[in-house]
Amino acid sequence: MSGPPELYQSQSGDPPLPTGERGSRILAPLRAEGARGVAIAVVSAMVFFTVVIVAVLSSSGWPEIRRAFFDGEVFREAFPKIVDRFGLNVFIFVVAEGLVLAMAMLIAVLRSLHGPVFFPLRILAAGYTDLFRALPTILVIALLGFGAPALRLSGVPTSKVFWAIVALTLVYSAYVAEVYRAGIESVHPSQVASARALGLSRRKTLRFVVLPQAIRRVLPPLLNDFIGLQKDSALVAFLGVTEGLRESQIIQFENFDFTPYVALALVYVVITIPQARFVDWLVARDRRRRQTGVGV
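Using our numbering, the first residue of the sequence shown is number 9, and each one after it goes up by one.
Here it is as structure tokens:
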């Protein structure tokens with residue numbers, strides 16, 4: 009490594025980072041400024057939320073809101089029932105996620121194929137993604153959940169859960185396919201040329217060179233899409249399926265109280281926030297790898 013020993017040049021082309029005693033003197037003010045910034049941000053957030061909480065609790069309508077949304081007795085009664093029914097949401101999400109991963113990959117690969125012979129496949133794949141990204145998810149669920157069983161075709165399932173899974177798979181495959189395609193197109197053409205020069209076929213180049221890099225690069229946005237899929241599993245309540253949201257509605261109608269919705273919201277928060285933090289961790293890890301040149 010050339011250059012002064014107190015400097016380190018990262019492989020990503022970033023400016024050299026000072027190290028040693030000289031580096032400590034240079035970086036100390038920056039660390040202090042960063043610590044002050046964090047402290048100011050924390051204090052500002054605490055002040056803001058304190059003002060909001062005080063304003064809400066001191067409002068004239070708060071006692072009524074507390075009775076309607078935060079009834080402890082209703083919460084204790086509703087929460088176990090909602091968690092039990094939420095298992096159906098998890099089942100729908102897990103099955104749909106597996107189908108989306110496979111179907112979206114197929115669509116993305118079809119759209120990335122070159123040559124006039126593949127033009128019809130590219131048109132079909134592009135039309136599919138355009139159509140299902142244009143349609144609201146709840147509309148697709150309604151059309152399939154109510155329409156498909158009404159056809160009464162021999163061998164066609166009539167389960168509303170089945171058609172809800174199909175609808176979610178169709179919609180989210182269109183979104184995830186575009187995420188995959190962005191990852192495929194981000195792989196430099198020299199990677200493909202090098203693989204072909206080594207004697208790999210187009211299929212093996214795609215399988216062993218392009219797709220592994222593409223999937224690694226799009227993993228964070230891919231996980232974000234699956235967080236959305238998990239939440240949209242509640243839309244099957246529109247079909248009358250008794251899952252978490254539908255159970256909340258039933259309890260709400262029985263008690264004329266909105267506390268069950270708060271209980272369901274808590275379930276989603278407990279499940280979704282750790283996934284969001286996991287995505288942030290993956291993004292930060294990928295950024296560190298790129299900055300240090302590890303795994304690039």
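Heads up, the beta-carbon is just placed ideally off N, CA and C, and yes, glycines get one too.
A quick note: this is a predicted structure, and the numbers were derived from the prediction, not measured.
- When DSSP states are grouped into helix, strand and coil, R298 belongs to the helix group.
- If you compare the alpha carbons of A76, I173, F140 and W70 with that of A242, the shortest gap goes to I173.
- Distance from the CA of W171 to the CA of N232, rounded to the nearest whole angstrom, comes to 23 Å.
- Remark: C-beta atoms of V179 and T137 do not approach each other more closely than 8 Å.
- DSSP places T145 inside the alpha helix (DSSP H), whose first and last residues are T145 to L159.
- CA-CA distance, D79 to V108, rounds to 39 Å.
- In the three-state DSSP reduction, D265 falls in the coil class, being neither helix nor strand.
- R254 is the residue among V148, R254 and F286 whose C-alpha sits nearest the C-alpha of N97.
- Non-local beta-carbon contacts of R93 in its own chain, meaning distances under 8 Å to residues more than five positions away in sequence, involve T250, E251, G252, R254 and E255 in chain order.
- Assignment of alpha helix (DSSP H) within the stretch 176-235, counting only whole runs of 4 or more residues, yields 197-205 and 210-213 in chain order.
- V218 is a Cβ neighbour of V200, given a cutoff of 8 Å.
- Within the same chain, and ignoring the five residues on either side of V275 in sequence, the residues whose Cβ sits closer than 7 Å to its Cβ are I90, V91, F94 and G252.
- Excluding residues up to 5 positions away in sequence, W70 lie with their Cβ nearer than 7 Å to the Cβ of V64 in the same chain.
- Per the coordinates, the alpha-carbon of S66 lies some 17 Å from the alpha-carbon of A76.
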